[in-house]
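Using our numbering, the final residue of the sequence shown is 385, and nothing's skipped along the way. Notes to accompany the following structure.
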Amino acid sequence: MAASRLDKSPVATWWWTVDRWFLAAFLLLMGLGIVLSFAASPAVAQRIGLGPFYFATRQIIFTVPALCVMLGVSFLEPRQIRRMSIVMLCIMLVLMVAVLYVGVEVKGARRWLSLAGVSIQPSEFLKPAFVILCAWLFSEHKRHPDIPGNVLAMILLGLVVALLLAQPDFGQTMLVTGTWGIMFFMAGLSWLWIVVLGALGATGVFAAYTLLPHVAGRIDRFITGEGDTYQVDMGKEALLNGGWFGVGPGEGVAKRAIPDSHADFVFSVAGEEYGLIMCFFIMTIFAFVVLRGLNTALKEHDDFTRYAIGGLVTIFGLQSTINMAVNLQLMPAKGMTLPFISYGGSSQIAIAISMGMVLALTRKKPEKRKTIGGLQGYQRFLPAE
Numbered sequence: 001m002a003a004s005r006l007d008k009s010p011v012a013t014w015w016w017t018v019d020r021w022f023l024a025a026f027l028l029l030m031g032l033g034i035v036l037s038f039a040a041s042p043a044v045a046q047r048i049g050l051g052p053f054y055f056a057t058r059q060i061i062f063t064v065p066a067l068c069v070m071l072g073v074s075f076l077e078p079r080q081i082r083r084m085s086i087v088m089l090c091i092m093l094v095l096m097v098a099v100l101y102v103g104v105e106v107k108g109a110r111r112w113l114s115l116a117g118v119s120i121q122p123s124e125f126l127k128p129a130f131v132i133l134c135a136w137l138f139s140e141h142k143r144h145p146d147i148p149g150n151v152l153a154m155i156l157l158g159l160v161v162a163l164l165l166a167q168p169d170f171g172q173t174m175l176v177t178g179t180w181g182i183m184f185f186m187a188g189l190s191w192l193w194i195v196v197l198g199a200l201g202a203t204g205v206f207a208a209y210t211l212l213p214h215v216a217g218r219i220d221r222f223i224t225g226e227g228d229t230y231q232v233d234m235g236k237e238a239l240l241n242g243g244w245f246g247v248g249p250g251e252g253v254a255k256r257a258i259p260d261s262h263a264d265f266v267f268s269v270a271g272e273e274y275g276l277i278m279c280f281f282i283m284t285i286f287a288f289v290v291l292r293g294l295n296t297a298l299k300e301h302d303d304f305t306r307y308a309i310g311g312l313v314t315i316f317g318l319q320s321t322i323n324m325a326v327n328l329q330l331m332p333a334k335g336m337t338l339p340f341i342s343y344g345g346s347s348q349i350a351i352a353i354s355m356g357m358v359l360a361l362t363r364k365k366p367e368k369r370k371t372i373g374g375l376q377g378y379q380r381f382l383p384a385e
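Take a look at the structure:
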């Protein structure tokens with residue numbers, strides 16, 4: 001039974017102020033993640049000697065706390081989100097330093113920490129906190145030009161990029177840097193800054209290609225098609241096998257040969273079993289979230305809220321775009337999950353925090369009752385400041 005508008009309890013107030021279109025989109029993506037995990041993960045699990053539904057079961061287990069976290073964060077006020085982000089950023093910076101010394105090494109990279117038997121990736125949790133703190137710094141500089149908010153945001157970006165490159169994680173570095181640049185653009189950077197930052201970005205890509213062999217290898221394989229391209233080739237074959245309407249649930253063949261079909265290449269599995277129609281549907285949901293988020297941000301009067309919403313949906317959209325582009329062989333292979341759909345505990349919880357922040361920041365704020373001419377005005381719901 002729906003809550004009455006006269007009900008002033010926190011849950012009822014939340015229900016009438018939350019953006020239900022965003023909420024529906026996030027719940028739909030979570031549901032698709034569970035459905036596709038049953039399609040993509042059995043072959044991977046059996047290949048490494050586990051039960052056929054090991055990863056699918058864990059996907060459900062991860063989704064439950066992710067949903068709770070997302071809903072819990074959506075109840076917060078903007079000031080509480082800023083405070084939470086400061087604490088989270090400090091903790092994750094410490095953990096990212098610890099990763100370099102005691103982290104679990106996988107394929108030559110140290111990105112994970114094993115704590116009490118649970119593997120976490122600190123960089124995933126760092127991203128939403130980084131976006132919120134940069135939004136706050138940009139907004140403070142705009143409100144009070146004597147506060148060096150833009151300079152502090154640059155220093156913070158440099159620190160985060162240095163820790164990511166030390167792991168090394170070039171993909172996350174590009175994701176964070178790109179999001180920061182878009183937020184800086186929203187904050188009104190001059191054309192001089194655009195040229196300078198663009199030149200620095202191009203220099204960084206060239207340096208990575210020159211100095212990091214694994215980056216150079218991926219770019220060379222993408223350009224020439226030579227070398228170990230097995231996984232991306234099988235992902236492409238899965239998409240081609242599916243055609244427009246797919247081969248049917250559980251009937252995929254190419255998916256069984258993809259090593260990371262449950263994680264980085266779940267989009268290809270969706271294409272093989274449910275067809276390109278499903279792929280377009282998934283892309284539409286992500287596009288809807290990004291466009292609705294940016295449209296909402298443009299209507300905001302509060303600078304912090306505008307930059308924060310814009311940054312959060314941008315990093316969400318860029319991550320999903322990179323994942324789908326790799327599956328479609330439109331860019332070099334990069335281990336980047338598809339938000340809410342790919343398997344991964346750290347990714348699920350971190351994205352849930354990010355989208356919980358979006359739900360919180362886009363909630364409408366009740367306007368206080370005012371007495372005008374002896375008459376009491378009606379209560380209206382306005383965007384949160």
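Every residue gets a Cβ at the ideal spot worked out from N, C-alpha and C, and that includes glycine.
Suppose the cutoff is 6 angstroms on Cβ atoms and the five residues either side in sequence are ignored; what does the same chain contact list for residue i look like?
| i | result |
| --- | --- |
| D19 | T362 |
| A386 | Only positions 1 to 385 of the chain appear in the structure, and residue 386 is not among them; the question remains open. |
| A56 | S37, F38 and S41 |
| S85 | A129, I132 and L133 |
| T314 | T179 and I182 |
Within its chain, find whatever has a CB closer than 8 angstroms to the CB of residue i; leave out the 5 residues flanking it on each side and keep chain order.
| i | result |
| --- | --- |
| N241 | V247, G252, V253, A254 and E272 |
| V161 | T173, V176 and T177 |
Give a yes or no on whether the C-beta atoms belonging to residue i and residue j are separated by under 9 angstroms.
| i | j | result |
| --- | --- | --- |
| P78 | A350 | no |
| D303 | F138 | yes |
| L294 | G310 | yes |
| I353 | L29 | no |
| R58 | Y307 | no |
| M183 | V131 | yes |
| R221 | A333 | yes |
| G345 | F62 | yes |
| M324 | Q172 | no |
| M92 | L126 | yes |
| V176 | L189 | no |
| E339 | F288 | For clarity, residue 339 is Pro in the given sequence; the question names Glu instead. No. |
| L23 | L359 | yes |
| H262 | A187 | no |
| F75 | W14 | yes |
| Y209 | I219 | yes |
| L402 | G181 | Residue 402 is absent from the model: the chain starts at 1 and stops at 385. |
| R292 | W21 | yes |
| A43 | R256 | yes |
| R47 | W136 | no |
| T305 | A297 | yes |
Quick one: what does DSSP say residue i is sitting in, helix, strand or coil?
| i | result |
| --- | --- |
| L163 | helix |
| L67 | helix |
| S119 | strand |
| K87 | Checking the sequence shown, residue 87 turns out to be Val, not Lys. DSSP places V87 in helix when its eight states are reduced to three. |
| W244 | coil |
| A202 | helix |
| V195 | helix |
| S9 | coil |
| Q379 | Because the pLDDT of Q379 is 48, which lies under 50, any placement of that residue in the model is unreliable, and the question is left without a value. |
| V253 | coil |
| S114 | strand |
| V106 | strand |
Within 10 angstroms of the Cβ of residue i, are there 16 or more other Cβ atoms? Answer buried if so, exposed if not.
| i | result |
| --- | --- |
| E124 | buried |
| G117 | exposed |
| Q319 | buried |
| V73 | buried |
| V215 | buried |
| H144 | exposed |
| V326 | buried |
| S114 | exposed |
| F185 | exposed |
| E105 | exposed |
| L95 | buried |
| G149 | buried |
| T321 | buried |
Here's a check: name, in chain order, each residue in its chain whose Cβ is nearer than 7 angstroms to the Cβ of residue i, leaving out the five neighbours to either side.
| i | result |
| --- | --- |
| R111 | V99, G103, Q121, S123, Q167 and D169 |
| Q329 | V232 and K236 |
| A270 | L36, M278, C279 and I282 |
| G178 | L318 |
| M88 | F125 and A129 |
| A109 | Q167, P168 and D169 |
Quick check for students: name the residue ranges of the alpha helix (DSSP H) that lie wholly in the stretch 283 to 363, counting only runs of 4 or more. Entirely contained in the stretch 283 to 363, the alpha helix (DSSP H) runs reaching 4 residues are, in chain order, 303 to 327 and 345 to 361.
Alpha helix (DSSP H) runs contained entirely in the stretch 120 to 188, provided each spans 4 or more residues: 122 to 143, 149 to 166 and 170 to 186
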